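To start, the structure under review is shown below, and the notes come after it.
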Amino acid sequence: MKNVGTFDQIFRVVAGLAFLSLFFFLEGGLQYLSFIGVPLLYTALTQQCFLYRLFGMNSCKVKS
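So the number in the working numbering is just where the residue sits in the sequence shown, counting from 1, plus 408.
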């Protein structure tokens with residue numbers, strides 16, 4: 409069931425790519441913080457967010 413809307417999806421793609429790009433700019437252990445972008449991209453591509461489902465939220469206008 410989709411629960412991530414279009415605006416939310418676009419925001420997650422942009423934020424996910426921004427976080428992943430930090431891998432090339434940060435040094436040491438901070439590089440691994442960039443992997444926060446992976447779940448953001450996953451939820452954007454699948455349009456399913458576990459936390460939204462857990463809290464009963466839905467930013468998707470189309471029910472499917």
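In this text, a Cβ means the ideal position worked out from N, Cα and C, and glycines have one as well.
Keep in mind that this is a model prediction, so the values were computed, not measured.
Can you check whether the CB of Phe433 is closer than 8 Å to the CB of Ile444?
Their beta carbons are not under 8 Å apart, which means Ile444 does not touch Phe433 by this criterion.
Using a Cβ-Cβ cutoff of less than 6 Å, which residues in the same chain neighbour Ser442 once the five nearest sequence positions on both sides are dropped?
Phe427, Leu428, Leu430 and Phe431, listed in sequence order.
Which ranges does the alpha helix (DSSP H) cover as unbroken runs of at least 4 residues, wholly within the stretch 431 to 458, from first to last along the chain?
For the stretch 431 to 458, whole alpha helix (DSSP H) runs of length 4 or above, ordered along the chain, are 445 to 454.
To the nearest angstrom, how far is it from the Cα of Gly413 to the Cα of Gly437?
Answer to the nearest angstrom: the Cα atoms are 33 Å apart.
Could you spell out where the alpha helix (DSSP H) holding Gly424 opens and where it closes?
That run of the alpha helix (DSSP H) goes Thr414 to Ser429.
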